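Residue numbers (our numbering): 438 to 654.
Ideal Cβ positions, reconstructed from N, Cα and C, are used throughout, including at glycine.
Since we're looking at a predicted model, the values are computed, not measured.
Take a look at the structure below.
Here's what the structure looks like:
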């Protein structure tokens, strides 16, 4: 089964200024490398991979690609400022169409850090196809759940509620930007953009999807 990984890296990370004024968040140092090294290393070897970035940091990612000899396709969304950014969902659709994504989509936010191979998530998500799936984490008691998108699941793992950054979260299960979209439902991305919904935070798209059919966690 063909799967294309799309790495979302077009944000400006203004909350981390001055660290990210001239360096994109995924290329910030982590150990002996960068955050992006760990994320790319978690992908299945040989998987078609598309990284979408803004124009301001495109050369930084090209330099990283040359240094590591990584065979990914880089898509430049053409924006140079926070004010002109496309938003994560528009960037996803741009990467999918311009990058000629094939088959299902594994969508990864590049400010996530994984210590396990993504095959685990992909295998579970494929069992739920053609419905989309998202990865969820059960946060420890000391973590502030109100800073996340929070999900509530039915016994069969179907998402029955999705709340963005609620002061009274219904559970401690949170979603970050790690999604599996079977090819059959990828047209929903363009459909959501056409509704005028919030395209900046991916959680709004997931909430919209869950209101129109099964989404699994």
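For residue 592, the closest alpha carbon among the candidates 555, 654, 511 and 581 is that of 654. Pairing residue 548 with residue 595, the inter-Cα distance amounts to about 26 Å. Counting C-beta pairs closer than 8 Å gives fewer than three between the stretch 580–588 and the stretch 624–634, which falls short of the contact rule. Between residue 530 and the set 487, 481, 475 and 585, the nearest pair of CA atoms involves 487. Per DSSP, the continuous alpha helix (DSSP H) segment holding residue 559 begins and ends at 556–565. When secondary structure is reduced to three states using DSSP, residue 469 falls in the coil class, being assigned neither helix nor strand. With three or more CB-CB distances shorter than 8 Å, the stretch 631–647 counts as touching the stretch 524–539. In this structure the stretch 560–579 touches the stretch 604–619; the number of beta carbon pairs closer than 8 Å is three or more. By the neighbour-count definition (other C-beta atoms within 10 Å, threshold 16), residue 514 is a buried residue. Of all C-beta pairs linking the stretch 487–503 to the stretch 555–569, fewer than three are shorter than 8 Å, placing the two stretches out of contact. Sequence-distant Cβ neighbours of residue 651 in its own chain, meaning closer than 6 Å and more than five residues away, are 568 and 595.
Separation of residue 608 and residue 576 (C-alpha to C-alpha, rounded to the nearest whole angstrom) is 9 Å.
Judged by DSSP in its simplified three-state form, residue 496 adopts helix. Less than 8 Å divides the Cβ of residue 491 from the Cβ of residue 517. Distance from residue 540 to residue 620 at the Cβ level is roughly 5 Å; contact confirmed, criterion being Cβ atoms closer than 8 Å. Rounded to the nearest angstrom, the gap between the Cα atoms of residue 597 and residue 503 is 44 Å. In this structure, 550 is the residue among 550, 647 and 536 with its C-alpha nearest to the C-alpha of residue 464. In this structure, DSSP gives residue 553 a state outside helix and strand, which the three-state scheme calls coil.
Residue environment: residue 553 is assigned as exposed (fewer than 16 neighbouring CB atoms within 10 Å of its CB, all protein chains considered). Judged by beta-carbon spacing, residue 543 lies within the 8 Å limit of residue 555, meaning their Cβ atoms are closer than that value. Under the DSSP definition of a beta bridge, residue 485 partners with 441.
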